[in-house]
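What follows is a set of notes on a single structure, which appears directly below.
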Amino acid sequence: MATGRTTYPSLTPICEELVDADAPAVVGLIAGDQRWDVVNGPTIEDPEDLVGFFAPPLWDGVAVIFTGRALALDGDEAPKRIRLAAAFARDGATVSVLSHGAEREVVDDGDRPVGRVADYCRRVLGLPTADEPVGPRLIFGEDGPSTWEEVHREVLESGGGFLHLEPAAVAWFDGASFGRHLLAVAGVENGVELLAAHGLQPPR
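In terms of this note's numbering, the sequence shown opens at residue 7 and continues consecutively.
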């Protein structure tokens with residue numbers, strides 16, 4: 007733990023406060039005995055703006071606030087304007103609050119949530135991310151690398167950047183979060199071409 011703490015207050019109260027704060031935003035969380043104190047973080051417009059950022063050692067957690075629109079799965083309702091606050095602690099705890107109108111939903115995301123926002127926030131704290139997404143063999147075929155950790159290591163060993171990322175930003179990811187980032191930014195169809203353009207071939 008960056009500050010030597012082993013226990014933290016519940017994230018739910020601070021997350022319920024932050025869901026009404028200005029968005030988009032990222033804030034640092036400093037644990038007190040009963041509650042969290044909030045400090046301003048870097049200016050962001052998109053979750054991806056967190057790539058490459060590491061929380062100062064004083065931070066015991068990080069929280070992000072975003073707005074967006076939610077569509078009903080059956081398509082019968084108009085899109086709802088929503089607000090999302092998600093908070094992450096260095097012990098792995100995660101809570102998110104989704105607000106739309108007068109309704110609020112609190113979700114305890116467990117200790118290893120999946121998704122790009124969770125990936126970025128966990129990497130900000132230097133924490134490992136959820137298990138790997140769809141394996142790289144979906145891109146490379148059965149003769150390709152079996153894990154995204156292998157792909158990430160090969161990119162790092164190439165010594166250069168990747169996509170729009172500088173080398174330091176590539177190193178900021180772990181294997182699983184790098185795989186999710188690649189699939190989200192490039193998609194499966196472009197994965198092989200992008201890797202080949204950077205001189206990377208599937209290990210044999």
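Where is the CB? At the ideal position from N, CA and C, for every residue including glycine.
Look at Phe146 here: in three-state DSSP terms it is helix. For Asp125, the enclosing alpha helix (DSSP H) starts and ends at Arg122 to Val130. For Ser102, the three-state secondary structure derived from DSSP is strand. Setting aside the 5 residues that flank it on each side, Val191 is surrounded in the same chain by Leu169, each with a C-beta closer than 7 Å to its C-beta; the list follows chain order.
Val157 and Leu144 have their C-alpha atoms roughly 13 Å apart. Annotation: the continuous beta strand (DSSP E) that includes Ala93 extends over Lys86 to Ala95.
With contacts defined by Cβ atoms closer than 8 Å, Val68 and Leu35 form a contacting pair. Counted as a single uninterrupted DSSP element, the beta strand (DSSP E) harbouring Ile36 occupies residues Ala31 to Ala37.
The DSSP-derived three-state label of Asp66 is coil. One thing to note: Tyr14 has its Cβ within 8 Å of the Cβ of Asp66. Within the DSSP bridge table, the entry for Thr153 names no partner. For Leu64, the closest C-alpha among the options Ala37, Leu90, Ile50 and Leu56 is that of Ala37.
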